[in-house]
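Have a look at the structure below, then the notes.
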Amino acid sequence: MMMLGSPLPRAFFARPPDEVARELLGKLVIRRHSGEPLAGRIVEAEAYFGADDPAAHAFAGRTARTEVLFGPPGHAYVYLVYGMHYCLNVSCEPEGQAGCVLIRALEPVAGLAVMAAQRGLAGGSVMADGSVMGAAVPVRLLASGPGRLCQALGITRPAHNGLDVCDAGSELVFAEDGLPLPDIEVGPRIGIRKAVDRPARFWVRGNSFVSC
DNA sequence: AAGCGGATCGTCT
DNA sequence: GACGATCCGCTTG
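Heads up: take any position in the first sequence, counting from 1, add 24, and you land on this note's numbering.
Laid out in structure tokens, this is it:
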């Protein structure tokens, strides 16, 4: 029986990315830093394969950017999209073989106020007399989307690319949450132009934090 | 409620 | 020199 919050073992990631993506649903992403830990439960993830997947970054071969994808499993692959958003992935397959899972949405579990602040959604409107009208923080939008969750957790390529997410001492850890596997749905991946028909997106059925 | 376009830059052609 | 594994605000209906 795995302990609650304990890091997932490296063997968990040393498998094909579609298996890993499916089983990552319900697991925790924990961002440790000097303050309180930030955490979210994975509710949506996509598998990206290697040489046989034109939609994957690894498809073009081994480059400086994609080095992590070909390295040992269980390491963070963080890249910049559209010049402004970071995306978090975790490397899969044994060392030497490319593959990863893109984390697309988290259900916030801990550190919601910090997440809101980092998202620029501190909530509440400052009135003319200096008082603050209550406007509830839109929790659903905190970490629902690959760019949003990186902003909420403060994940960047310079700081986090290549980190070992199986190491309890790491700034970024993927961990067990002690919950049974949720009811899962499968469909095509989002936002890609190649291999659009491949069913490689997994999400928790009915969960309101799924990005779409 | 849905659709459009602007922002912004590392990476590879 | 072009192009994204995106998000947000503004437009229209």
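The beta carbon of each residue, even a glycine, is placed where N, CA and C say it ideally should be.
Computed from a predicted model, the values in this text were never measured in an experiment.
Query raised in the report: If we count the other Cβ atoms within 10 Å of its Cβ and call it buried at 16 or more, is Arg-128 buried or exposed?
Result: buried
Query raised in the report: In three-state terms, what does DSSP make of Val-220?
Result: Three-state result, Val-220: coil.
Query - Three-state secondary structure assigned by DSSP to Gly-148 - result: Residue placement at Gly-148 is flagged as unreliable, the pLDDT there being 48, under the threshold of 50; a coordinate-derived value is accordingly withheld.
**Report entry** Residues bridged to Val-114 (per DSSP)
**Finding:** Ala-100 and Val-125
Requested in this report: Within its chain, find whatever has a CB closer than 7 Å to the CB of Asn-185; leave out the 5 residues flanking it on each side and keep chain order.
Outcome: Val-92, Ala-100, Tyr-101 and Val-102
Query raised in the report: Just checking my contact of Leu-196 with Val-163 at CB under 8 Å: how many whole Å lie between their CB atoms?
Result: No, Leu-196 and Val-163 are not in contact; Cβ-Cβ is about 22 Å, not under 8 Å.
Query raised in the report: For the beta strand (DSSP E) that Arg-181 lies in, which residues bound it at each end?
Result: No beta strand (DSSP E) holds Arg-181; the alpha helix (DSSP H) holding it covers 181-184.
Requested in this report: Starting from Pro-9, follow the alpha helix (DSSP H) in both directions and report where the run begins and ends.
Outcome: No information on residue 9 is available, as it lies outside the stretch 25 to 236 that the chain covers here.
**Report entry** Close Cβ partners of Gly-154 (< 8 Å) along its chain, the five nearest in sequence each way excluded
**Finding:** With a pLDDT of 34 at Gly-154, under the threshold of 50, the modelled position of that residue is not reliable, and the figure given next carries that caveat. Excluding positions up to five away in sequence, the list is empty.
Report task. Could you tell me whether the segment 174-188 touches the segment 72-84, using the rule of 3 or more Cβ pairs below 8 Å? Result -> no
**Report entry** Residue burial classification, Gly-123 (beta-carbon count within 10 angstroms, cutoff 16)
**Finding:** buried
Query raised in the report: In whole angstroms, what separates the C-alpha of Pro-170 from that of Gly-29?
Result: The alpha-carbon atoms of Pro-170 and Gly-29 are separated by roughly 22 Å.
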